[in-house]
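> First, the structure itself, so that you have it in front of you.
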Ligand code: ATP
């Protein structure tokens, strides 16, 4: 069942099209040598209402610290944060009513059942959603009387997400919601996360999974060393920072790659130098280049083997922006 989003009362509704705005955010932590370092180092970011924003960054980039500051859980050393036009530090109660938070690891009262936990959490808020409706939303309707310890990993993660929805929040924060899940459980949770945006909620999620960001996020913010290195739609990031599409193939006899550069859709051609007649075409239109390549080869009685098209991915984008792979 789809949940209708409660509208904030007029007295706390301030005119803003943005769910979150952050300017010049700085947070220092002590470092082991006795000094301090900037875990968040002058970070600017705007999250629009109703979008899913994916935050990508390597371990220690400052993702969780940034979320904790936006959520009002950690004070910043400098900078401004507004959530739905409100300051999470001077107006914490108003902000808490309107946001939902799923932490990276959640612990619950072990002796309470899922239905009881959602009921208890809901009682903390003026607006709350029905526990049965929430459990059904994530396919846990049969688990109302289960304890959290009796859930599988995927079920526990789905419960953690739904527990962040008890107050019918306008903005939902998900910190690595699918980490450690198998691919099927991850996809189930993706459906749930996508449905939050269908409700009209804003979703801010951190992830280590490129596929997750590409599938779910309207825009992706790449954080590195406590700063935003780039923020845009996945496709625009790939256009701007991707390495371009390439076609890699092997022939049954050596060819001169330069004879391919005039084929339609081909920008350049190189020999990989492997000594195994393997070549790489840089292309801007693979749908034209692939048939043209086969026609060219057929006319010369050359057989093409092992052809693979590599399109730029967010992984390439991340590597090109940060010089590191996400899992370094
Ligand atoms: P991960 O992907 O591993 O969750 P992250 O991008 O979320 O990483 P943060 O958890 O924000 O990174 O941490 C940023 C840096 O700040 C790290 O070097 C971390 O060790 C440090 N840090 C975070 N919290 C604290 C704290 N309470 N005290 C001291 N240092 C901290």
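Residue numbers (the numbering used here): 145 to 472. We put the CB at the ideal spot given by N, CA and C, even for glycine. It should be emphasised that the depicted structure is a prediction, and the values quoted were computed from it without experimental measurement.
What residue from 448, 348, 314, 386 has the CA that sits closest to residue 189's CA?
Locating residue 189 in the chain shown gives position 45, where the first residue counts as 1. The residue with the shortest Cα to Cα distance from residue 189 is 348.
> Taking only the alpha-carbon atoms, compute the straight-line gap between residue 283 and residue 276 and give it to the nearest angstrom.
Here residue 283 corresponds to residue number 139 of the chain shown, with the count starting at 1. Here residue 276 corresponds to residue number 132 of the chain shown, with the count starting at 1. Their backbone Cα atoms lie some 10 Å apart in a straight line.
> At 4 residues or longer, what runs of the alpha helix (DSSP H) sit wholly inside the stretch 308–389?
DSSP runs (the alpha helix (DSSP H)) wholly in the stretch 308–389: 327–342, 354–360, 378–385.
> What are the start and end residues of the beta strand (DSSP E) that includes residue 441?
In the chain shown, the residue the question calls residue 441 occupies position 297. It is not in any beta strand (DSSP E) - residue 441 instead sits in the alpha helix (DSSP H) that spans 430–443.
> Under 8 Å: do the stretch 260–280 and the stretch 326–335 share three or more Cβ pairs, one atom per stretch?
As far as the Cβ criterion goes, the stretch 260–280 does not touch the stretch 326–335, which means the pair count is below three.
> In the stretch 208–253, which residue ranges form an unbroken alpha helix (DSSP H) of at least 4 residues, counting only runs that do not cross its ends?
Counting whole runs of 4 or more residues, the stretch 208–253 contains the alpha helix (DSSP H) stretches 236–242.
> Put residue 399 into one of helix, strand or coil per three-state DSSP.
In the chain shown, counting from the first residue as 1, residue 399 sits at position 255. Three-state result, residue 399: coil.
> When you compare only the Cα positions, how much space is there between residue 231 and residue 239?
Here residue 231 refers to the residue found at position 87 when the chain shown is read from its first residue. Here residue 239 refers to the residue found at position 95 when the chain shown is read from its first residue. Taking the straight line joining both Cα atoms gives about 8 Å.
> Taking residue 371 as the reference, which of 187, 176, 228, 162 has the closest Cα?
By one-based count along the chain shown, residue 371 stands at place 227. The shortest Cα separation from residue 371 among 187, 176, 228, 162 belongs to 187.
> Report the option in 196, 380, 181 whose CA atom is closest to the CA atom of residue 162.
The residue given as residue 162 occupies position 18 in the chain shown. Checked all of 196, 380, 181; the closest Cα to residue 162 is 196.
> Report the three-state DSSP secondary structure of residue 302 (helix, strand or coil).
Here residue 302 corresponds to residue number 158 of the chain shown, with the count starting at 1. The answer is helix: DSSP assigns residue 302 an H, G or I state.
> Quick one: what's got a C-beta closer than 8 Å to residue 246's C-beta in the same chain, skipping five residues either side?
Residue mapping note: residue 246 aligns to position 102 of the chain shown, counting from 1. 304, 305, 307, 308, 316, 317, 318, 319, 321, listed in sequence order.
> Tell me which residue opens and which closes the beta strand (DSSP E) that residue 259 is part of.
Taking the chain shown and counting its residues from 1, the one referred to as residue 259 is at position 115. Here residue 259 belongs to no beta strand (DSSP E); instead the alpha helix (DSSP H) covers 258–266.
> Say whether the stretch 380–399 touches the stretch 413–423, bearing in mind that this needs 3 or more beta-carbon pairs closer than 8 Å, one atom from each stretch.
These segments touch.
> Along the chain, where does the alpha helix (DSSP H) containing residue 280 start, and where does it finish?
Stepping through the chain shown from its first residue, residue 280 is reached at position 136. Taken as a continuous stretch (DSSP letters only), the alpha helix (DSSP H) holding residue 280 covers 275–281.
> Leaving aside the five residues before and after residue 175 along the sequence, list all residues of the same chain whose C-beta is less than 6 Å from its C-beta, in chain order.
Reading the chain shown from its first residue, position 31 is the one you call residue 175. Contacts found: 181.
> Given this structure, state the Cα-to-Cα distance separating residue 267 from residue 198, to the nearest angstrom.
As a working mapping, residue 267 is identified with position 123 in the chain shown. As a working mapping, residue 198 is identified with position 54 in the chain shown. Their backbone Cα atoms lie some 30 Å apart in a straight line.
> Comparing alpha-carbon positions, which option in 172, 236, 234 lies nearest residue 210?
Along the chain shown, read from residue 1 onward, the residue named residue 210 stands at position 66. Out of 172, 236, 234, 172 has the C-alpha closest to the C-alpha of residue 210.
> Quick one: residues in its chain with C-beta nearer than 8 Å to the C-beta of residue 152, no 5 flanking neighbours on either side, listed in chain order?
Numbered from its first residue, the chain shown carries residue 152 at position 8. In this predicted model, residue 152 has a pLDDT of only 45, less than 50, meaning its place in the structure is not dependable; the value taken from the coordinates is given anyway. Excluding sequence neighbours, residue 152 sits near 228, 242, 314.
> Residue 463: which of 235, 387, 337 sits nearest, CA to CA?
Within the chain shown, the letter at position 319 stands for residue 463. Ranking 235, 387, 337 by Cα distance to residue 463 puts 387 first.
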